[in-house]
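Chemist:
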Amino acid sequence: MSFFTLLSNKKSSILLKVGIAENNEYYCLVHFQDGQEHVIWQKKPIDLEVLIKQHFQSSVLSHLIRPIPYQYIWRKHYVTANTHSQTAQHKQVLQMIKQELPIPLEEMYFDFTTTEIPNQNVKRVSIYALRKAFADPLIINKQTVLDCELHCWQRGIHSLLNNEQQPPKMFNYVYQNKAFTFKENELLLCPEIPEDAISLENLCLPSEVIHPEIYVLALGAALWHS
């Protein structure tokens, strides 16, 4: 699951989704065209918007997906009666954000998802919020989607493992020496690294990969879906 799709142009019917990741030295851009993966490596410094215009016409882009650190995303998960309309649910979410965050609503982007729990008249609500002061410098244009880096990492990992099925609900991963998993889309950080956790060392990467970490992130970002 990915969030902050409110930053994207949902009416776009164009073709390409481009995943963008970076470190201090390089940008890595990944996209798929006709089922084939394409990777662009660009050494810094270069303006990212200029780089994108060099390789893509705006008319062929649907989304530009950028991973962002999980620590910058505020999360809240709760269960509520499955009787609220979408409008009432939206009001409930707004009220909860106002109660729990000491930041004015106009200074945040937020999104929420609802999932019905089978055989029960309740649903699970997940709220995500991000400060505009952090997000705005990362937004290239209206096609930009900001996605949690750990979701990108998960998708990139399973793509490289040739696992096209939905990842197991309690699969463990290692990213930057920290272990994590997802339970019903809720992020859980592990106090220790489990023996079965998947890390970069478990992957067989293409020989032309310059920086494995940002490649996996860009790959997972390119596999984002709304």
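Quick note on numbering: the working numbering labels position 66 of the sequence shown as 389, and the sequence is numbered without any gaps. For every residue, glycine included, the Cβ atom is placed at its ideal position computed from N, Cα and C. Model, not experiment: these values are computed from the prediction.
1. Starting from GLY342, trace the beta strand (DSSP E) both ways and give me its first and last residue.
2. Would you identify the three-state DSSP class for ALA452, choosing helix, strand or coil?
3. Am I right that HIS378 and LYS340 are in contact with their C-beta atoms under 8 Å? What's the rounded C-beta distance?
4. Relative to the C-alpha of ASP519, which residue among ARG398, THR504, LEU511, LYS455 is closest?
5. Using the rule of at least 16 other Cβ atoms within 10 Å of the residue's Cβ for burial, across every protein chain shown, is TYR401 buried or exposed?
6. Buried or exposed: ILE369, going by 16 or more other Cβ atoms within 10 Å of its Cβ?
7. Would you mind working out which of LEU523, LEU461, THR436 sits nearest ALA502, comparing C-alpha positions?
8. Output the distance between the C-alpha atoms of HIS474 and ASN485, rounded to the nearest integer angstrom.
9. Just grab the DSSP bridge partners of TRP397 for me.
10. On the CB-based measure, 16 or more other CB atoms within 10 Å of its CB, does ILE463 come out buried or exposed?
11. How about the region 430-443 and the region 348-355: do they share at least three Cβ pairs that are nearer than 8 Å?
12. Less than 8 Å between the C-beta atoms of ILE375 and ASP470, yes or no?
13. Give every residue of the same chain whose Cβ lies closer than 7 Å to the Cβ of PRO445, excluding the five residues on either side of it in the sequence, and list them in chain order.
14. Would you mind sorting GLU372 into buried or exposed? The rule is 16 or more other CB atoms within 10 Å of its CB.
15. Candidates GLN477, GLU509, SER382, HIS407: which alpha carbon is nearest LEU542's?
16. With respect to the beta strand (DSSP E) encompassing LYS367, which residues constitute its N-terminal and C-terminal limits?
17. Quick check: what's the CA-CA separation for LEU384 versus LEU546?
18. Look at the alpha carbon of ILE537 and the alpha carbon of LEU338, and state the distance between them as a whole number of angstroms.
Modeler: Per the coordinate set shown:
1. 339-345
2. strand
3. No, HIS378 and LYS340 are not in contact; Cβ-Cβ is about 14 Å, not under 8 Å.
4. THR504
5. exposed
6. exposed
7. LEU523
8. 17 Å
9. ALA452
10. exposed
11. no
12. no
13. Reading off the sequence, residue 445 comes out as Val, not Pro. Cβ within range, chain order: VAL402, THR403, ALA404, ASN405.
14. exposed
15. GLN477
16. Unbroken run through LYS367: none, as it is neither H nor E.
17. 14 Å
18. 23 Å
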